[in-house]
Amino acid sequence: MPASRLKTVLATVAVAATVLTLTATPAHAATYPGLEACPLTSATMKDPTNLQVGCVHSVTNGGSVTIGSNVVPLTNPITIQFGVYWPADAPVREFPDGSVANVYSTVPAAGGKTLVAKPLQVNIPGIANIIPGVTSVFAQVELAGTISDFVPLATGENIPVFALPIKLHLYNALFGLKCYIGSDSTPIRLNPTTGTTNPPAPNQPVTGDYGDITTEPDPNGFETLGVGFTDATLVDNAYSVPKANGCGLIPGSLDALINLAFGLPSAAGKNAVVFSGNNTSFALSPSLDDLTQALAH
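As structure tokens, this is what we get:
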């Protein structure tokens with residue numbers, strides 16, 4: 023489905039409380055895969071002034087993270103999941119063609135599972151990886167703040183789909199337990215897009231892919247709309263990477279070594295991230311009660 027068509031479908035949800043007209047006997051049960059961790063009981067989701075509420079579950083199956091000249095393949099899936107709400111002030115993002123899309127705020131997933139990822143093995147530049155965890159590092163991607171500015175209708179547009187603050191937790195026999203690249207106060211701020219980036223030099227623009235988009239009215243008669251994004255690619259090559267912190271058996275004693283090995287800090291224009299093979303499920307409704315019932319069926 024073209025992105026313009028998706029805008030039309032979801033814009034209908036924004037305008038009308040009664041979005042769908044369905045047959046009395048649905049052909050099959052509604053399916054909203056992966057949305058079990060959606061924070062339906064949070065106070066923020068229950069706010070009666072919210073204009074819309076929803077749930078998101080997104081899995082990235084490949085890609086890479088580049089810091090300077092160091093490329094780390096994403097060999098394990100990365101799962102991002104959260105609740106969303108469109109607040110009473112109805113924020114929107116305007117696109118170059120004059121159309122607009124809703125900007126959603128997010129609510130962390132239940133059980134602290136907003137971002138779930140297995141550690142990645144990262145070679146230390148200039149050192150042969152003979153003993154994993156000694157001559158290499160295990161890097162855990164962790165959230166460093168709240169995911170924000172979620173614009174699902176940015177698919178195919180040259181703006182970010184969301185803002186994702188992260189930090190890299192480095193594990194090594196010599197690095198201690200508190201070794202990070204980035205922190206909550208100085209995160210790596212990713213702004214991935216399925217459109218085309220506009221990075222500073224020496225990076226050049228790169229283009230993502232919104233993949234295949236499907237929309238499915240709830241077959242049980244609820245107003246919830248299911249949206250699927252399959253095999254999308256999100257890219258960002260305009261972010262900077264801060265210095266390491268807390269590294270060493272004496273925290274901070276090896277920061278300089280990490281900074282030297284990875285070329286930190288690394289200025290914007292020298293880094294890149296590719297989230298490929300991305301599959302996302304998105305359920306959206308004008309009512310939390312309706313959304314909750316739809317997901318329960």
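According to the numbering used here, the sequence shown is numbered sequentially starting from 23. Even for Gly, the Cβ is constructed at its ideal location relative to N, Cα and C.
- The segment 281-300 and the segment 247-257 touch, with three or more beta-carbon pairs separated by less than 8 angstroms.
- Counting only runs of at least 3 residues, the segment 212-278 fully encloses the following beta strand (DSSP E) elements, listed from N- to C-terminal order: 234-239 and 247-258.
- Beyond the five residues adjoining it in sequence on each side, glycine 285 comes within less than 6 angstroms, by CB distance, of Gly90 in the same chain, given in chain order.
- With respect to threonine 136, phenylalanine 184 sits apart: the two C-beta atoms are not nearer than 7 angstroms.
- Distances from the alpha-carbon of glutamate 116 to those of Pro174, Thr128 and Asn98 put Pro174 closest.
- According to the DSSP assignment, threonine 177 belongs to no beta strand (DSSP E), since it is labelled neither H nor E.
- Collapsing the DSSP output to three states places isoleucine 169 in coil.
- DSSP lists Thr82 and Ala139 as the bridge partner or partners of isoleucine 100.
- Residue pairing of glutamate 164 in beta bridges, as defined by DSSP: Lys189.
- Residue pairing for phenylalanine 297: DSSP places it in a beta bridge opposite Gly85 and Leu256.
- An exposed status is given to asparagine 220, since fewer than 16 other beta-carbon atoms sit within 10 Å of its beta-carbon.
- In this structure, the beta-carbon distance from phenylalanine 172 to threonine 128 falls below 7 angstroms.
- Counting C-beta pairs with one atom in each stretch, the segment 238-250 and the segment 310-319 have three or more that are closer than 8 angstroms, which means they touch.
- CA-CA distance, threonine 168 to serine 207, rounds to 12 angstroms.
- Taken in chain order, the complete beta strand (DSSP E) segments of 3 residues or longer contained in the segment 100-131 are 100-108, 114-116, 122-124 and 127-130.
- Contact between alanine 110 and threonine 71 holds: CB atoms are separated by about 4 angstroms, below the 8 angstroms threshold.
- For the pair isoleucine 272 and valine 144, the Cα-to-Cα distance works out to about 22 angstroms.
- Exclusion of the five residues before and after proline 214 leaves Pro182, Val183, Phe184, Leu186, Gly230, Leu256, Val257, Asp258, Val295 and Phe297 as the residues of its chain whose Cβ lies within less than 8 angstroms of its Cβ.
- For valine 87 against valine 94, the beta-carbon gap comes to about 5 angstroms, under 8 angstroms, which counts as contact.
- By the Cβ neighbour-count rule, threonine 246 is buried, with 16 or more other Cβ atoms within 10 Å of its own.
- When rounded, the separation of the alpha-carbon atoms in threonine 177 and cysteine 201 is 35 angstroms.
- Sorting Ala195, Ser170 and Trp108 by C-alpha distance to the C-alpha of aspartate 69 places Trp108 at the top.
- Apart from sequence neighbours up to five positions away, the residues of its chain that approach glycine 76 with a beta-carbon distance below 6 angstroms are Val106, Ala305 and Leu306, ordered along the chain.
- For phenylalanine 304, DSSP records a beta bridge to Val78 and Val249.
- Shown here, asparagine 72 sits in coil according to DSSP, grouped into three states, outside any helix or strand.
- Residues Val81, Thr82, Leu137, Val138, Ala139, Val163 and Phe297 of the same chain have their beta carbon placed closer than 8 angstroms to that of isoleucine 100, with the five preceding and five following residues left out of the count.
- A distance below 8 angstroms between beta-carbons, with the five flanking residues on each side excluded, links alanine 131 to the following residues of its chain, in chain order: Ala59, Cys60, Pro61, Gln103, Phe104 and Gly105.
- In the three-state reduction of the DSSP assignment, asparagine 145 falls in the strand class, which pools E and B.
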